[in-house]
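Notes follow once the structure below has been shown.
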Amino acid sequence: MRIGLIGAGNIGVNAHIPAVQANDGMAIVAAADPTPDRLALAGEAAGLVPEQLHADWRDLLACDEVDAVIVATPQRFRPEIVIAAAQAGKHILAEKPLALTPAAAQAMIDAAREHGLTLATVHNYHFMPVYRDIKDVLDSGEIGEPEVAVLNYLGVEDRPGTAAFNPRWRHRAAESGGGVLMDMLHVVYLAHWLMGGPPRAVSAWIDKRLETDGDVEDIALVRYTYPHGQALVNMAWGTGPGGIDIGGTRGRITMDNQNAGTHPFVPVERLNVVSESGTRSWTPMDAAAYGMAGIARDFCDAAQEGREPMANGEMGLAALDAVLGAYVSGALSEEVALPLPVDHPVYTKGSAGIGDLALPESSPVVRRGLFGTAGALGSLRGTRKEVPPAGAGPETATNERRLSRSHTHKHGGNHGV
Ligand SMILES: NC(=O)c1ccc[n+]([C@@H]2O[C@H](COP(=O)([O-])OP(=O)(O)OC[C@H]3O[C@@H](n4cnc5c(N)ncnc54)[C@H](O)[C@@H]3O)[C@@H](O)[C@H]2O)c1
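In this note's numbering, the protein residues as written are 57 to 473.
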């Protein structure tokens, strides 16, 4: 498979090029990036000649010798590129998150399906040995049915984007769609994988407590409800603890990281299983370059065999939807049903649609001005959107619930993708 790399930032050059090179039957034959330094780096790393390097991805898509593309730009550029790639007949491996909005992610899925092409999303944690070990234990039935999964990732390193482009894009909601939970949505799809499918509801605390720039969350404490069980995804930039604990009906599995730090920023030390058949403990294999070689292999095989990849577009959409649902829950201070309905402002506008909701004044999302809601507080004063004080009468509480449960737009209007 001859692959064009679109987006030669940190992940493109440091992870995708070596991942393709580690596999037989795959080669990088072109790269596209508007940032000259990055394009030159990609050329060096992949051994490309100047004719194979393109400032504009459209020129790469016009190359007949490209069978497939890896789209490793920041997410806000991805939908247009992916849809054009499908129209040009290229298979697509798209970085996560697929897009800023579920509507755009759905359009990407539709484009690939319409043209009979593979759209896979880079859910590379599926390919890290430690998570495969955990999944194998759950699938074996050794600890019974999983009831509660606690996934602590409270010590995520806040790594900037490449200096040559725009290192702070992850901190701007308009560019990233969200903060640490959006960036680390790996743990959201892991929770779905371990708990047997996408969740049907979410309840979340979303806040920003560090003195950093931008309008995105740096902490997200999230509870997902699955048909059989719950997962707590606790995520933050900072120095908090990490690890996984899963309780099943007949036992438990726990993941201990070095110094109780956050994986994969620190290695996993032990996996421990306690079940009716006893206790066992082992050190999983190394994270093997974040599972990127595995995802490249799976993408290539899926496209060539005409089968679904390990993580297809629909799974990318479900993960994005679950992250945005957590933001909506945190903004409204109430549980939110998933998936988001197609007429929801956040379905069509992503986190930018949160400002269209009837937001309670008490919400940390509003107080911190996250997701472009700065200024919303002033406009909320004197409206009916304040949350009633604790102990308020049942009539007031019911009115509030009806107001905030509806996703009535603050100011109507049409929302494009
Ligand atoms: N799967 C993972 O483990 C993982 C890890 C890191 C990043 N990512 C994802 O990869 C994407 C890129 O992240 P990064 O850390 O490499 O970002 P980065 O800021 O380091 O690099 C972004 C690159 O995209 C290029 N770019 C911007 N607009 C472009 C366009 N229109 N066409 C082509 N190239 C364009 C920039 O010039 C830059 O080189 C993000 O979506 C991020 O979420 C995934």
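Heads up, the beta-carbon is just placed ideally off N, CA and C, and yes, glycines get one too.
Please read all numbers here as calculations on a predicted model, not as lab measurements.
Name the DSSP bridge partner or partners of Val204? Gln286 and Gly303
Which same chain residues end up closer than 7 Å to Thr295 when comparing Cβ atoms and leaving out the 5 residues on each side of it in sequence? Gly211
Just to confirm before moving on: does the CB-CB distance between Ile126 and Ile165 stay below 8 Å? Taking 8 Å as the Cβ cut-off, Ile126 and Ile165 do not qualify as a contacting pair.
Which residues in the same chain as Ile73 place their Cβ atom closer than 8 Å to its Cβ, once the five residues preceding and following it in sequence are excluded? Leu61, Ile84, Ala98, Ala101 and Ala102
With respect to 7 Å, is the separation between the Cβ of Lys146 and the closest non-hydrogen atom of ligand 1 below this value? no
Once DSSP output is grouped into helix, strand and coil, what is the label at Asp192? helix
Ile275 - partner residues in DSSP beta bridges: Asp263 and Ala292
Let's see if you can read the secondary structure: which residues bound the alpha helix (DSSP H) around Gly381? Gly369 to Leu388
Go ahead and pull the three-state DSSP assignment for His475. The structure shown does not extend to residue 475, since the chain is modelled only from 57 to 473, so the question has no answer here.
State the Cα-Cα distance for the pair Val443 and Val398, rounded to the nearest angstrom. Since pLDDT at Val443 reaches only 39, below the 50 mark, its modelled position is unreliable, and the value read off the structure follows with that caveat. Roughly 27 Å between the two C-alpha positions.
What does the Cβ neighbour count give for His248, buried or exposed, with the cut at 16 atoms within 10 Å? Here His248 is buried. Its C-beta has 16 or more other C-beta atoms within 10 Å.
Let me know if Met341 comes out buried or exposed under the rule of 16 or more other beta-carbons within 10 Å of its beta-carbon. exposed
Taking the C-alpha atoms as reference points, what is the distance between Asp115 and Leu95? 14 Å
Do three or more CB pairs link the segment 152 to 169 to the segment 353 to 360 at distances below 8 Å? no
How many angstroms separate the CA atom of Glu226 from the CA atom of Ile148? Here residue 226 turns out to be Arg, not Glu, going by the sequence shown. Going from the Cα of Arg226 to the Cα of Ile148 covers about 23 Å.
C-alpha gap between Val422 and Ala118, whole angstroms: 45 Å
Could you please give the first and the last residue of the uninterrupted alpha helix (DSSP H) stretch that includes Ile165? Pro158 to Glu170
Please say whether Asn313 and Val324 have beta carbons closer to each other than 8 Å? In this structure, Asn313 lies closer than 8 Å to Val324 by Cβ.
Where the beta strand (DSSP E) through Ile351 begins and ends: From DSSP, Ile351 is part of no beta strand (DSSP E) but of the alpha helix (DSSP H) over Met348 to Glu361.
Is it the case that the Cβ atoms of Ala229 and Leu426 are separated by a distance below 8 Å? yes
So, is Gly81 buried or exposed, given that buried needs 16 or more other C-beta atoms within 10 angstroms? By the beta-carbon neighbour count (other beta carbons within 10 angstroms, threshold 16), Gly81 is exposed.
When you compare the CB positions of Asp271 and Ala430, do they come within less than 8 Å of one another, or not? yes
What are the boundary residues of the alpha helix (DSSP H) that Ser232 is part of? Ala229 to Ser232
What residue range is occupied by the uninterrupted alpha helix (DSSP H) comprising Trp113? That run of the alpha helix (DSSP H) goes Trp113 to Leu117.
Considering only C-alpha positions, which residue in the set Ile410, Arg363 and Arg306 is nearest to Ala176? Arg363
I need the boundaries of the beta strand (DSSP E) containing Thr177, first residue and last residue. Going by DSSP, Thr177 is part of the beta strand (DSSP E) stretching over Leu175 to Thr177.
So, are the CB atoms of Gln131 and Ala155 less than 8 Å apart? yes
Restricting to Cα atoms, I'd like to know which of Ser196, Pro416, Gly406 and Pro283 is closest to Ala161. Gly406
Between the beta-carbon of Pro153 and the beta-carbon of Leu241, is there less than 8 Å? yes
Look at the alpha carbon of Asp123 and the alpha carbon of Leu373, and state the distance between them as a whole number of angstroms. 24 Å
Same chain, Cβ closer than 6 Å to Ala328, neighbours up to 5 away in sequence not counted: Note that residue 328 is Asn in the sequence shown, not Ala. Answer for Asn328: Thr310 and Ser337, listed in chain order.
Using CA coordinates, which residue listed in Thr335, Asp93, Leu394 and Gly411 is at the minimum distance from Asn222? Asp93
Determine which residues share a DSSP beta bridge with His147 and list them. Per DSSP, Ala124.
Close-in-space but distant-in-sequence residues of the same chain around Ala382 (CB under 7 Å, 5 per side omitted): Leu237, Val258, Ala260, Ile262, Ala276 and Val278
Separation of Glu213 from Ala52, as counted between CA atoms: Residue 52 falls outside the range modelled here, since the chain spans only 57 to 473, and no answer is possible.
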